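Notes to accompany the following structure.
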Amino acid sequence: MDEHTYNEYLQSVSNLEPADTAPFFYTRLRARMEKQYERNWILPVKPVWLVGVLAALLLFNGWILQQNNGQAQTPAGNSLQEFAQSYDQLNVPSY
Amino acid sequence: MGETVFIQRLKEGQEDAFRELVNRFRVPVYNTVLHLLQDGAEAEDCTQEVFIRVYEHIHRFREEALLSTWMYKIAVRSALEKLRKQKRRSFIQRWIPGFEAAGTEADACYHPGVQTENKEKATRLFRAIARLPEQQQLAFTLIRLQGLSYDETAAVMEKNIKAIESLMSRAKENLQKQLIIYHPKNQTHG
Numbered sequence: 408m409d410e411h412t413y414n415e416y417l418q419s420v421s422n423l424e425p426a427d428t429a430p431f432f433y434t435r436l437r438a439r440m441e442k443q444y445e446r447n448w449i450l451p452v453k454p455v456w457l458v459g460v461l462a463a464l465l466l467f468n469g470w471i472l473q474q475n476n477g478q479a480q481t482p483a484g485n486s487l488q489e490f491a492q493s494y495d496q497l498n499v500p501s502y
Numbered sequence: 194m195g196e197t198v199f200i201q202r203l204k205e206g207q208e209d210a211f212r213e214l215v216n217r218f219r220v221p222v223y224n225t226v227l228h229l230l231q232d233g234a235e236a237e238d239c240t241q242e243v244f245i246r247v248y249e250h251i252h253r254f255r256e257e258a259l260l261s262t263w264m265y266k267i268a269v270r271s272a273l274e275k276l277r278k279q280k281r282r283s284f285i286q287r288w289i290p291g292f293e294a295a296g297t298e299a300d301a302c303y304h305p306g307v308q309t310e311n312k313e314k315a316t317r318l319f320r321a322i323a324r325l326p327e328q329q330q331l332a333f334t335l336i337r338l339q340g341l342s343y344d345e346t347a348a349v350m351e352k353n354i355k356a357i358e359s360l361m362s363r364a365k366e367n368l369q370k371q372l373i374i375y376h377p378k379n380q381t382h383g
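From first to last, the protein sequence lines stand for chains A and B. For the first sequence, the tail end lands on 502 under the numbering used here, and the numbers increase by one without skipping. For the second sequence, the tail end lands on 383 under the numbering used here, and the numbers increase by one without skipping.
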């Protein structure tokens, strides 16, 4: 394509009269902002953050459960023996 | 000095300062996003989003750049986000059988300022601009349609002047390639 034809195309959009928004733009903008902030008062954070925090809490919960399970897995016999020993200590002859 | 005071008033959340900001930048912001989105309603919606973002983030503005540059940056970022969403949506819609896209290329002459005798050429050019790669489209829009200087465009796009010149040169080549289909006799000139 030659320069002349290309420049004709450029000329067709040069010195365009700037377009403007529909009337009462500011009023509509403020109304939208107020509406948005009302909604934000109910839900102060974005849903994505809420889901993230929830997922972190679930992970933390899982980790705590795993830790507790590890501690609880002591041999059952030990606790029975401990119980029997303590019973013996209490079983003092009364004579 | 006046600008600093004005920015301070904005940071303090003064209503009259925000109104002044909207009055001062409404038209340039609207025209920038209109050229990128090529749709009046979408551009108006995007312009509102720009001012809401500015209102929420004005405390982050450090006056290292001009307020106008910062405004253009936010406008461009918002419009590009919208444009990417539109492209993703139309890509998905293409795969839905029997679905017809709402906007067609027939209504490409979106700008009310185009004179009647220029409408045909302007429509072709706007369509071709919309098909440019994003960075070329942005540079061309800011310089040729919005009337920004190379320096201002470089600041808005966070690039150096050489990069902007290169983008403009490639944009020109691509536009010529696209527009030549309307001028078969011109094809031999390359």
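Ideal placement from N, C-alpha and C gives every residue a C-beta, glycine not left out. For clarity, every value in this text was computed on a predicted model and none was experimentally measured.
Over what stretch of residues does the alpha helix (DSSP H) that includes residue i continue unbroken?
i: W263 of chain B; result: 260-287
i: E345 of chain B; result: 343-350
i: Y223 of chain B; result: 208-230
i: F244 of chain B; result: 233-250
i: T334 of chain B; result: Counting along the chain, T334 of chain B falls outside any alpha helix (DSSP H), and DSSP gives it neither H nor E.
i: M361 of chain B; result: 354-372
i: R320 of chain B; result: 312-323
i: T412 of chain A; result: 410-419
Using the Cα positions of residue i and residue j, report the straight-line distance between them to the nearest angstrom.
i: G383 of chain B; j: Y413 of chain A; result: Caution is warranted here: a pLDDT of 46 is assigned to G383 of chain B, below 50, making its placement in the model unreliable, and the coordinate value is therefore given only provisionally. Going from the Cα of G383 of chain B to the Cα of Y413 of chain A covers about 12 Å.
i: R320 of chain B; j: L368 of chain B; result: 10 Å
i: K370 of chain B; j: V220 of chain B; result: 32 Å
i: L472 of chain A; j: T334 of chain B; result: 58 Å
i: R324 of chain B; j: R363 of chain B; result: 13 Å
i: E249 of chain B; j: N475 of chain A; result: 45 Å
i: N411 of chain A; j: I354 of chain B; result: This sequence places His at residue 411 of chain A; Asn is not what is there. Straight-line Cα distance between these residues: approximately 26 Å.
i: K378 of chain B; j: S283 of chain B; result: 34 Å
i: Q329 of chain B; j: M361 of chain B; result: 6 Å
i: E208 of chain B; j: R439 of chain A; result: 15 Å
i: Q492 of chain A; j: L461 of chain A; result: 46 Å
i: V247 of chain B; j: Y343 of chain B; result: 24 Å
i: W288 of chain B; j: V222 of chain B; result: 34 Å
i: L318 of chain B; j: N468 of chain A; result: 59 Å
i: K312 of chain B; j: T197 of chain B; result: 43 Å
i: E445 of chain A; j: V458 of chain A; result: 21 Å
i: G233 of chain B; j: Q339 of chain B; result: 16 Å
i: G206 of chain B; j: F199 of chain B; result: 11 Å
i: Y265 of chain B; j: A463 of chain A; result: 38 Å
Per DSSP, what kind of secondary structure is residue i in: helix, strand or coil?
i: E197 of chain B; result: Residue identity check: residue 197 of chain B is Thr in the sequence provided, not Glu. Correct three-state label for T197 of chain B: helix.
i: P425 of chain A; result: coil
i: P377 of chain B; result: helix
i: K204 of chain B; result: helix
i: G306 of chain B; result: coil
i: E257 of chain B; result: coil
i: F431 of chain A; result: coil
i: V452 of chain A; result: coil
i: H382 of chain B; result: No answer about H382 of chain B holds up, because its pLDDT of 49 lies below 50 and its placement is not dependable.
i: K442 of chain A; result: helix
Short check: CB of residue i to CB of residue j, under 8 Å?
i: T428 of chain A; j: T225 of chain B; result: no
i: M227 of chain B; j: H304 of chain B; result: Checking the sequence shown, residue 227 of chain B turns out to be Leu, not Met. Cβ atoms of L227 of chain B and H304 of chain B: closer than 8 Å.
i: V420 of chain A; j: V307 of chain B; result: yes
i: L260 of chain B; j: Y416 of chain A; result: no
i: L203 of chain B; j: I245 of chain B; result: no
i: L230 of chain B; j: K275 of chain B; result: yes
i: A388 of chain B; j: A347 of chain B; result: Absent from the model: residue 388 of chain B. The displayed extent of chain B is 194 to 383, so no value can be given.
For residue i, would you say it is in contact with chain C, using Cβ-to-Cβ distances shorter than 8 Å as the test?
i: V455 of chain A; result: This model lacks chain C altogether, as its protein chains are A and B.
Going along the stretch 422-435 of chain A in order, which residues come within less than 8 Å of chain B, judged by CB to CB distance?
L423, E424, P425, A426, D427, T428, A429, F432, Y433, R435
Closer than 8 Å, Cβ to any Cβ of chain A: which residues of the stretch 331-363 of chain B, in chain order?
R337, L338
Contact list for the stretch 233-244 of chain B against chain A, Cβ threshold 7 Å:
E237, T240, Q241, F244
Which residues, in chain order, does the stretch 206-236 of chain B contribute to contact with chain A at a C-beta distance below 7 Å?
R212, V215, R219, V220, Y223, N224, L227
Residues of the stretch 256-274 of chain B in Cβ contact with chain A at a cutoff of 8 Å, in chain order, please.
none
Proximal residues, the stretch 300-315 of chain B versus chain A, C-beta separation under 7 Å
H304, P305, G306, V307, N311, K314, A315
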